[in-house]
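K.L.:
In terms of our numbering, the numbers along the sequence shown are unbroken and rise by one, the last being 340.
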Amino acid sequence: MNLILKKDHLNHLLNAWRQEYEVYAPQSLQNFTHFLPLQDGFELAFDKAHNTRIPPKALFLPTSEALLKFTRFGGYEEVPSETAPRLIFGIRPCDAHAMTMLDTVFEQERYTDPLWKARREATVVVGLGCHEPCQTGFCTTVGSGPFNHAGLDAILTDLGEIFLVETLTEKGEHLFTQLETASEDQSMHASEVQQAAAASMPIAFETEGLKQKLDQNFASPYWEEVSRSCLGCGVCTFLCPTCFCFDIVDEAQRGERVRNWDTCMFRTYSLEASGHNPRPSRVERTRQRLSHKYSYWLDQINQIGCTGCGRCVRYCPVGLDIRAMLRKAHQLPSEVLHA
Ligand code: SF4
Ligand code: SF4
Numbered sequence: 002m003n004l005i006l007k008k009d010h011l012n013h014l015l016n017a018w019r020q021e022y023e024v025y026a027p028q029s030l031q032n033f034t035h036f037l038p039l040q041d042g043f044e045l046a047f048d049k050a051h052n053t054r055i056p057p058k059a060l061f062l063p064t065s066e067a068l069l070k071f072t073r074f075g076g077y078e079e080v081p082s083e084t085a086p087r088l089i090f091g092i093r094p095c096d097a098h099a100m101t102m103l104d105t106v107f108e109q110e111r112y113t114d115p116l117w118k119a120r121r122e123a124t125v126v127v128g129l130g131c132h133e134p135c136q137t138g139f140c141t142t143v144g145s146g147p148f149n150h151a152g153l154d155a156i157l158t159d160l161g162e163i164f165l166v167e168t169l170t171e172k173g174e175h176l177f178t179q180l181e182t183a184s185e186d187q188s189m190h191a192s193e194v195q196q197a198a199a200a201s202m203p204i205a206f207e208t209e210g211l212k213q214k215l216d217q218n219f220a221s222p223y224w225e226e227v228s229r230s231c232l233g234c235g236v237c238t239f240l241c242p243t244c245f246c247f248d249i250v251d252e253a254q255r256g257e258r259v260r261n262w263d264t265c266m267f268r269t270y271s272l273e274a275s276g277h278n279p280r281p282s283r284v285e286r287t288r289q290r291l292s293h294k295y296s297y298w299l300d301q302i303n304q305i306g307c308t309g310c311g312r313c314v315r316y317c318p319v320g321l322d323i324r325a326m327l328r329k330a331h332q333l334p335s336e337v338l339h340a
């Protein structure tokens with residue numbers, strides 16, 4: 002259903018929701034935008050045409066969290082997984098799409114992460130479509146778009162003085178029961194804005210046949226070439242909304258078993274107890290990063306494992322641009338098959 006939300010009514014609505022939910026929305030902190038809980042007197046940071054620096058996956062998979070508490074005498078207790086009702090407001094479609102991909106990792110039939118599941122079930126997700134797509138984003142290249150609905154309970158389109166609200170699930174409808182229905186003209190205007198936004202995004206690289214090129218060139222000198230300037234800092238993966246690697250360590254002094262974000266871009270990530278490392282240099286680690294996103298995810302769930310959010314392009318300290326890397330990969334030769 003299409004509804005109209007006047008912008009000057011937004012703060013009132015957010016405050017009303019705070020009675021029922023813990024509400025997270027993009028706010029400025031130290032020169033970046035972050036999803037933070039709304040406090041009295043909050044100020045939204047909606048004017049920036051790009052994503053928060055840290056993706057909202059951190060609200061479901063925190064950078065560091067205790068999984069259980071133990072004593073030196075062998076006793077332990079699990080950390081409760083219950084989560085109070087939450088609302089994330091203003092999430093961009095690429096990040097909501099990424100959550101649906103992470104669901105396939107954390108909510109499998111045989112293995113379900115209770116913390117992830119509880120947080121997902123307790124959270125309503127309201128998206129803000131990108132009427133002015135960001136410079137580094139390329140969602141349309143990877144089969145999505147600036148108004149993609151995946152993972153959202155409702156999505157907003159900015160029409161100047163008003164937002165057009167499309168409710169997509171019952172949870173979304175429950176939020177906006179007080180709003181008036183949009184007119185046909187307003188719905189048509191929103192549709193034009195959405196189409197214009199998608200049309201304004203150039204195709205960043207060719208995805209057709211890209212997986213095959215990556216698979217066939219596993220041993221190519223290309224990997225050495227594209228990884229040469231990489232610092233191995235891990236920013237591209239820590240800030241990626243679809244990356245989910247973690248490490249679990251026992252913090253003996255705290256008596257806690259803790260899960261911390263980890264990344265395949267670190268040397269120690271794949272270091273085995275024997276001392277052998279199957280990915281000993283940045284060459285192999287860069288190959289893993291790109292191949293996971295553009296080949297292995299396709300094997301696993303038949304989707305590219307990148308939503309085109311553009312963070313790795315924006316924040317890589319040496320300007321390594323995944324779009325350029327993949328354009329080059331697409332030009333690699335196909336494997337020569339011998340009879
Ligand atoms: S952000 Fe750039 S320099 Fe850092 S690990 Fe990723 S590609 Fe390498
Ligand atoms: S690979 Fe880069 S552009 Fe793609 S989802 Fe991850 S951070 Fe965003």
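Glycine is no exception: its CB is placed at the ideal position from the N, C-alpha and C atoms.
Everything numeric in this text was worked out from a predicted model, so none of it was measured.
If we ignore side chains and look at the alpha-carbon of each, how far apart do alanine 151 and asparagine 3 end up?
P.N.:
About 17 angstroms.
K.L.:
With which residues is serine 29 paired in a DSSP beta bridge?
P.N.:
Beta-bridge pairing links serine 29 to Thr34.
K.L.:
Would you mind working out which of Cys246, Glu110 and Pro147 sits nearest histidine 132, comparing C-alpha positions?
P.N.:
The candidate whose alpha carbon is nearest that of histidine 132 is Pro147.
K.L.:
If you draw a straight line from the alpha carbon of arginine 54 to that of leucine 299, how long is it in whole angstroms?
P.N.:
If I take the Cα positions, the gap works out to 26 angstroms.
K.L.:
Between the beta-carbon of threonine 269 and the beta-carbon of phenylalanine 239, is there less than 8 angstroms?
P.N.:
Going by C-beta atoms, threonine 269 is not nearer than 8 angstroms to phenylalanine 239.
K.L.:
Residues in the same chain with beta-carbon distance under 6 angstroms from threonine 64, minus the five sequence neighbours each way, listed in chain order, please.
P.N.:
Only Trp262 meet the Cβ criterion.
K.L.:
Mark alanine 200 as exposed unless 16 or more other C-beta atoms lie within 10 angstroms of its C-beta, in which case mark it buried.
P.N.:
With fewer than 16 other Cβ atoms within 10 Å, it is exposed.
K.L.:
Is it true that the CB of threonine 287 sits closer than 8 angstroms to the CB of valine 227?
P.N.:
Yes, these two residues count as a Cβ contact at 8 angstroms.
K.L.:
Could you check which residue in Gly75, Pro81, Phe74 and Thr72 has the C-alpha nearest to that of glutamate 66?
P.N.:
Considering only alpha carbons, the answer is Pro81.
K.L.:
Can you tell me where the alpha helix (DSSP H) holding arginine 286 begins and where it ends?
P.N.:
Start and end: 283–292.
K.L.:
Quick one: any contact between the region 28–41 and the region 192–212, if contact means 3 or more CB pairs under 8 angstroms?
P.N.:
In short, these stretches do not touch, since the Cβ pair count stays below three.
K.L.:
For ligand 2, any of its heavy atoms closer than 7 angstroms to the Cβ of glycine 91?
P.N.:
No, Cβ of glycine 91 sits at least 7 angstroms from all heavy atoms of ligand 2.
K.L.:
Please classify leucine 69 as buried or exposed, where buried requires at least 16 neighbouring CB atoms within 10 angstroms.
P.N.:
Looking at its Cβ environment, which holds fewer than 16 other Cβ atoms inside 10 Å, leucine 69 is exposed.
K.L.:
Closer than 7 angstroms to a non-hydrogen atom of ligand 2 - does that hold for the CB of isoleucine 204?
P.N.:
Flag unset: Cβ of isoleucine 204 not near ligand 2.
K.L.:
Report the residue from Glu21, Leu15, Asn52 and Cys246 whose alpha carbon sits nearest the alpha carbon of leucine 62.
P.N.:
For the residues Glu21, Leu15, Asn52 and Cys246, the minimum Cα distance to leucine 62 belongs to Cys246.
K.L.:
Please report the Cβ distance between glutamine 28 and alanine 17, rounded to the nearest whole angstrom; I am assuming they are in contact, meaning their Cβ atoms lie under 8 angstroms.
P.N.:
That belief does not hold up - the Cβ atoms of glutamine 28 and alanine 17 are roughly 18 angstroms apart, past 8 angstroms.
K.L.:
In whole angstroms, what separates the C-alpha of glycine 75 from that of glycine 256?
P.N.:
In a straight line, the C-alpha of glycine 75 is about 11 angstroms away from that of glycine 256.
K.L.:
Return the first residue and the last residue of the beta strand (DSSP E) that threonine 168 is part of.
P.N.:
Per DSSP, threonine 168 belongs to the beta strand (DSSP E) from 163–168.
K.L.:
Tell me whether the beta-carbon of isoleucine 92 lies closer than 8 angstroms to the beta-carbon of valine 125.
P.N.:
For isoleucine 92 and valine 125, no; Cβs fall outside 8 angstroms.
K.L.:
Residues around ligand 1, please: the condition is that the C-beta lies closer than 6 angstroms to some non-hydrogen atom of it.
P.N.:
The set, ordered by position in the chain, is Cys231, Leu232, Gly233, Cys234, Gly235, Val236, Cys237, Met266, Cys317, Pro318, Val319 and Leu321.
K.L.:
Is the Cβ-Cβ distance between cysteine 234 and asparagine 52 less than 8 angstroms?
P.N.:
Not a contact, by the Cβ cut-off of 8 angstroms.
K.L.:
Thinking C-beta only, is valine 236 closer than 8 angstroms to cysteine 317?
P.N.:
A contact, by the Cβ cut-off of 8 angstroms.
K.L.:
Is the beta carbon of arginine 312 sitting closer than 8 angstroms to the one on cysteine 241?
P.N.:
Yes, they are a contact pair.
K.L.:
For a test of the three-state rule: what should DSSP assign to isoleucine 302, helix, strand or coil?
P.N.:
Looking at isoleucine 302 - three-state DSSP - the assignment turns out to be helix.
K.L.:
Here's a check: name, in chain order, each residue in its chain whose Cβ is nearer than 7 angstroms to the Cβ of phenylalanine 71, leaving out the five neighbours to either side.
P.N.:
Once the five neighbours on either side are set aside, the close Cβ partners of phenylalanine 71 are Tyr77, Gly256 and Arg258.
K.L.:
Say the cut is 7 angstroms; is the CB of glycine 309 nearer than that to a heavy atom of ligand 2?
P.N.:
Answer for glycine 309: yes, Cβ within range of ligand 2.
K.L.:
What separation, rounded to the nearest whole angstrom, lies between the Cα atoms of asparagine 218 and threonine 243?
P.N.:
Going by the C-alpha atoms only, they are around 24 angstroms apart.
K.L.:
If you check the beta carbons only, do isoleucine 163 and lysine 58 fall under 8 angstroms apart?
P.N.:
Not in contact: isoleucine 163 and lysine 58 (Cβ atoms no closer than 8 angstroms).
K.L.:
In this structure, how does DSSP classify lysine 1 when only helix, strand and coil are distinguished?
P.N.:
Any property of residue 1 remains undetermined from this structure, which presents the chain solely from 2 to 340.
K.L.:
So glycine 138 and leucine 157 are in contact, right, with Cβ under 8 angstroms, and what is the actual spacing, rounded?
P.N.:
The pair is not a contact, with the Cβ atoms about 18 angstroms apart (cut-off 8 angstroms).
K.L.:
By how many angstroms is the C-alpha of glutamate 21 removed from the C-alpha of alanine 85?
P.N.:
Near 9 angstroms, if we compare the C-alpha coordinates of glutamate 21 and alanine 85.
K.L.:
How would you call threonine 335, buried or exposed, if buried means at least 16 neighbouring beta carbons within 10 angstroms?
P.N.:
What sits at residue 335 in the sequence shown is serine, not threonine. Answer is exposed; the Cβ neighbour count stays below 16.
K.L.:
Report the CB separation of threonine 141 from methionine 202 in whole angstroms; it is logged as a contact under 8 angstroms.
P.N.:
Contact flag correct, Cβ pair sits at about 5 angstroms.
K.L.:
If you compare alpha carbons, which of His98, Trp117 and Glu79 is closest to phenylalanine 107?
P.N.:
That would be Trp117, whose Cα lies nearest to the Cα of phenylalanine 107.
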